[in-house]
Structures are given as structure tokens and as C-alpha cells.
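Engineer: Have a look at the structure that comes next, please.
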Amino acid sequence: MIALGYILPTIIAIFFAGIFAPIVGIVIGFFIHIIVLLIRISKKLDKLMDRLDNSENIY
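If you're matching positions, the sequence shown starts at -8 in my numbering and goes up one per residue.
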């Protein structure tokens, strides 16, 4: 998923940016990478908070 976030923008940018396509692909891919990582971290934090809430209810 992350690799596609770098490869697809680079391929699309070839038609619009020409020689600067790799730079455009890296910049756009970086932002896609950040968004994906933030979503994954958010989901993991939600799971951890649920576990903490459940463990507090046991005692």
C-alpha cells in the first residue's frame, strides 16, 4: 500500500511534470505515507484504550 503511494503518483506525474516526476512522486508519496501511518496509529491507540477500559472494569 505504501509503495503504491509512491509509485502511482510518480507514474501519473510523468505526464504532467516530465523530468521532475520523481520529485513530485516522492513529495506526494510522503504525504500519503504520513496519512496512512496516522490512521494505523489511531486504530492501534483505540484498541489499546479499549483494552485499558476493559481491564479497569475487571477490578
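Beta carbons: idealized from backbone N, C-alpha and C, even for Gly.
The structure presented is a predicted model; accordingly, all values stated were derived computationally and were not measured.
#1: Check this for me: beta carbons of Val18 and Ala8, under 8 angstroms apart or not?
#2: Taking the alpha helix (DSSP H) that Ile(-2) belongs to, which residues open and close that run?
#3: Going by beta-carbon coordinates alone, are Ile5 and Ala12 separated by less than 8 angstroms?
#4: Give me the Cα-Cα distance between Glu47 and Leu36, rounded to the nearest whole angstrom.
Structural biologist: Put simply:
#1: In the sequence shown, residue 18 corresponds to position 27, counting from 1. In the sequence shown, residue 8 corresponds to position 17, counting from 1. No, they are not a contact pair.
#2: Here the question's residue -2 lines up with position 7 in the sequence shown. Looking at the DSSP string, the run of the alpha helix (DSSP H) that includes Ile(-2) is Ile(-7) to Ala8.
#3: On the sequence shown, position 14 is the one that residue 5 refers to. On the sequence shown, position 21 is the one that residue 12 refers to. Going by C-beta atoms, Ile5 is nearer than 8 angstroms to Ala12.
#4: By one-based count along the sequence shown, residue 47 stands at place 56. By one-based count along the sequence shown, residue 36 stands at place 45. Cα to Cα, Glu47 sits roughly 16 angstroms from Leu36.
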